[in-house]
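Each protein sequence line maps, in turn, to chains F and Z.
Quick note on this note's numbering: the first sequence kicks off at 1 and runs consecutively.
Quick note on this note's numbering: the second sequence kicks off at 261 and runs consecutively.
Where a beta carbon is used, it is the ideal one built from N, C-alpha and C, also for glycine.
A quick note: this is a predicted structure, and the numbers were derived from the prediction, not measured.
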Amino acid sequence: MISAGVIREDILRMIHSAGSGHPGGSLSLVEILIHLYWKEMRIDPDNPRMINRDRLVLSKGHGAPALYSVLARRGFFPVEQLRSLREFGSGLQGHPHMQSLPGLDCSTGSLGHGLGIAAGMALGLSMRNNPGRVFCILGDGELQEGSVWESAMSVPALKQTNLTVVVDRNHVQLDDAVDRVMPVEPLAEKWKAFGWEVAVCNGHDPVDLARAFSTKTGKPLAIIAETVKGKGVSFMENSALWHGRAPDDTELQKALEELK
Amino acid sequence: MKPTRQGYVEGLLEAGETDERVVVVDGDVSRSTGTIAFKEKFPDRFFNLGIAEQNMAEYSAGLALEGFIPFYSTYAVFAAGRAWEQIRTSICNMGLNVRIGGAHGGTSVGPDGATHQALEDIAIMRVLPGMTVLVPADSNQTRQAVLASLNIDGPVYIRYGRNPVAEIYHREDTVVPGRGRVLRQGKHASVMAVGTMVSAALQAAEILSGEGIEVSVADMVSVKPLDVQLIKYLQDISGIIVTAEDHQIAGGLFGAVSEYTSENRPCRVIPVGVADSFGCSGTPEEVMAYCGLTSDRIVEKVKRALEEG
């Protein structure tokens, strides 16, 4: 198992080096991705297109730095490549671009697309009796996109149980707190009403995450992972300002000190 | 007379027979577009996702990622318009093998009125990187467009109509992406048309011929990639081109031909199409007349161009 601190340090260094990016929503994702890539998903870094692998669709594609760090630390590509985030010619584009980097199962970045794509993938897998499962991570602000609910309605209707949704419930979006921009609650009730089994957990607690993922159900599972935007760096936590801003040299040093 | 949608369904059934990867994603219009026939024949490969075009486009992307060839099928105005950004950012950006069947294209939906008449779909599909755009003229050609799409790498938009149209093609006349077809040759001007306007162009050529004016008629079924060799060939015969399409003048076939000629071989290109307006209710013939989509309008444009020189 990798330590969350290593991933968080990667994220901060990458975004600092790139001069732009989304630290808040990357830092909130860390433990969710660690759970998926070290405990949950059947994957083979030496064979990233393995036919019966589990797939991930990071619908909140702006969390790319967290995913890139996890993929590199898991062995899909050299860790040194992380420094090239957002550079011209790099496979680490600002938002995930699957043709450019091994380990990506889908290009994402436009909010509201990922769940439907994940559902289509899951449907394709079950049509071929492929045991691969699909995991889709949504942001909480993203739930304001109507297309998410078109997809949320269709997955239980098609009895797709090989798909799991994780909502990174970090409570903050670009402009402000989610509840102040456009409230999305009651979240658990909404997903239940659409026909999903819901598990709520602490998205930074590996044990609680494992419990949520192991929920037994005959329905598609939606995990609402309560997280903290900017988790691990005091001045970034719960701050809309750090949704899409790169730390300068001083801020990076301060943040890295806190992570130690 | 046969509706182009019939050719779409015939093509789908054949494609489904020959290629197990073919699936249909429909949005509650299967009785109207006829894809219900695919459902009856291949119930495990037909998915009605309800009235939710964005989700349909996304499911199609996901199915294509898993190696299927989904035909995402609904009315053109919604297929292309409602889910445009899903098509752009998910389907085209990943270069996925999704086929978009835009039914009821143009003014052919007649009585349904402006909301349901897709007059901008060719333009908004044509600008998307990697998208092939096919606009067949009759039922046989629509069937062939569906079959041709199976061999195209990347996304394809097939735009077809609703109502019976005159049969122009034989069943075996193939559609080749990047290739148009000269249906008639004449030295005074060239009419380049797509969809239902191919038939109007042939009628116009007949009328003009009666007055001693001979025009070529080319079916530009492949709006993208455009058959530039055919354009060059016809330009060598006459320097006057009239385009005809059941679509806005801006951005469709007129746009495509003008872009090519203005950069490479400047000449007069004169549009027959909808002039920055919406349609209305009426029979397809009434609406087409109201929008200026007639053989008479083509005749008039050719004559005026010849007078102006």
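Query: Relative to the C-alpha of F:LYS192, which candidate in F:ALA157, F:SER59, F:SER214 has its C-alpha closest?; Result: F:ALA157
Query: Quick one, which of F:ASN162, F:HIS204, F:ALA210, F:LEU174 has its alpha-carbon nearest F:GLY218's?; Result: F:ASN162
Query: When the Cα of Z:GLY438 is compared with those of Z:ARG528, Z:GLY341, Z:ALA324, Z:VAL517, which residue comes out closest?; Result: Z:VAL517
Query: I'd like to know if Z:PHE298 contacts chain F, where contact means its C-beta is closer than 8 Å to some C-beta of that chain.; Result: no
Query: Whose Cβ in chain Z lies nearer than 8 Å to the Cβ of F:ILE117?; Result: GLU318, TYR319, ALA321, GLY322, LEU325, SER350
Query: Following the continuous alpha helix (DSSP H) through Z:PHE514, name the residue where it begins and the one where it ends.; Result: 513-524
Query: What residues in the segment 368-388 of chain Z have a beta carbon less than 8 Å from any beta carbon of chain F?; Result: none
Query: How many angstroms separate the CA atom of F:SER154 from the CA atom of Z:VAL284?; Result: 16 Å
Query: Could you tell me whether the segment 53-69 of chain F touches the segment 107-124 of chain F, using the rule of 3 or more Cβ pairs below 8 Å?; Result: yes
Query: Quick one: Cα of F:HIS171 to Cα of Z:MET457, how far?; Result: 54 Å
Query: In the DSSP assignment, find the beta strand (DSSP E) that holds F:GLY166 and state where it starts and stops.; Result: The sequence shown places Val at residue 166 of chain F, not Gly. Taken as a continuous stretch (DSSP letters only), the beta strand (DSSP E) holding F:VAL166 covers 163-169.
Query: Going by CA-CA distance only, name the one from Z:VAL337, Z:LEU273, Z:GLN489, Z:THR278 that's closest to Z:PHE306.; Result: Z:LEU273
Query: Since F:HIS113 meets chain Z, which of its residues come closer than 9 Å, beta carbon to beta carbon?; Result: GLN314, ALA317, GLU318, ALA321, GLU345, GLN346, THR349, SER350
Query: Give the straight-line distance between the Cα atoms of Z:ALA275 and Z:PRO330, rounded to the nearest whole angstrom.; Result: 11 Å
Query: So F:ALA210 and F:VAL198 are supposed to be a Cβ contact under 8 Å. How far apart are they, rounded?; Result: No, F:ALA210 and F:VAL198 are not in contact; Cβ-Cβ is about 17 Å, not under 8 Å.
Query: For a test of the three-state rule: what should DSSP assign to Z:ARG586, helix, strand or coil?; Result: Any answer about residue 586 of chain Z is impossible in this case: the structure gives chain Z only from 261 up to 569.
Query: Given this structure, state the Cα-to-Cα distance separating F:ILE2 from F:GLY146, to the nearest angstrom.; Result: 36 Å
Query: Are there 16 or more other CB atoms within 10 angstroms of the CB of Z:SER498, so buried, or fewer, so exposed?; Result: buried
Query: By alpha-carbon positions, which one of Z:LYS492, Z:GLY373, Z:GLN346 ends up nearest to Z:SER537?; Result: Z:GLY373
Query: Does the distance from the CB of Z:ILE382 to the CB of Z:LEU490 come in under 8 Å?; Result: no
Query: Please name the residue, chosen from F:ALA18, F:ILE15, F:GLY25, F:ILE7, that lies closest to F:LYS229 on a Cα-to-Cα basis.; Result: F:GLY25
Query: Within its chain, find whatever has a CB closer than 6 Å to the CB of F:GLY195; leave out the 5 residues flanking it on each side and keep chain order.; Result: PRO156
Query: Which residues in the same chain as F:VAL79 place their Cβ atom closer than 7 Å to its Cβ, once the five residues preceding and following it in sequence are excluded?; Result: ALA72, ARG73
Query: Please say whether Z:ALA343 and Z:MET316 have beta carbons closer to each other than 8 Å?; Result: yes
Query: Is the CB of F:LEU143 under 8 Å away from at least one CB in chain Z?; Result: no
Query: What residue range is occupied by the uninterrupted beta strand (DSSP E) comprising F:GLY139?; Result: 134-139
Query: On the DSSP letters alone, give me the boundaries of the beta strand (DSSP E) that Z:ILE582 sits inside.; Result: Because chain Z here runs from 261 to 569, residue 582 of chain Z falls outside it and cannot be looked at.
Query: Helix, strand or coil for Z:GLY334? Go by DSSP, reduced to three states.; Result: Here residue 334 of chain Z is Thr; the residue named in the question, Gly, does not match the sequence. If DSSP states are grouped into helix, strand and coil, Z:THR334 belongs with the strands.
Query: Might you give, ordered along the chain, the residues of its own chain that have their beta carbon closer than 8 Å to the beta carbon of Z:LEU325, omitting 5 neighbours on each side?; Result: MET354, LEU356
Query: Going by DSSP in three states, F:GLY5 sits in which element: helix, strand or coil?; Result: helix
Query: Shorter than 8 Å from the beta carbon of Z:PHE302 to some beta carbon of chain F?; Result: no
Query: Quickly, what does DSSP pair Z:LEU308 with across the bridge? List them, please.; Result: Position check: residue 308 of chain Z holds Asn in this sequence, whereas Leu was assumed. Answer by DSSP bridge pairing, in chain order: Z:ASP286.
Query: Interface residues of chain F around Z:PHE338 at Cβ under 8 Å?; Result: Within 8 Å Cβ-Cβ: nothing; Z:PHE338 doesn't reach chain F, min ~13 Å.
Query: Determine, using beta carbons only, whether Z:MET354 comes closer than 8 Å to chain F.; Result: yes
Query: Per DSSP, which residues does Z:MET452 bridge with? Please list them.; Result: Z:ALA478, Z:THR503
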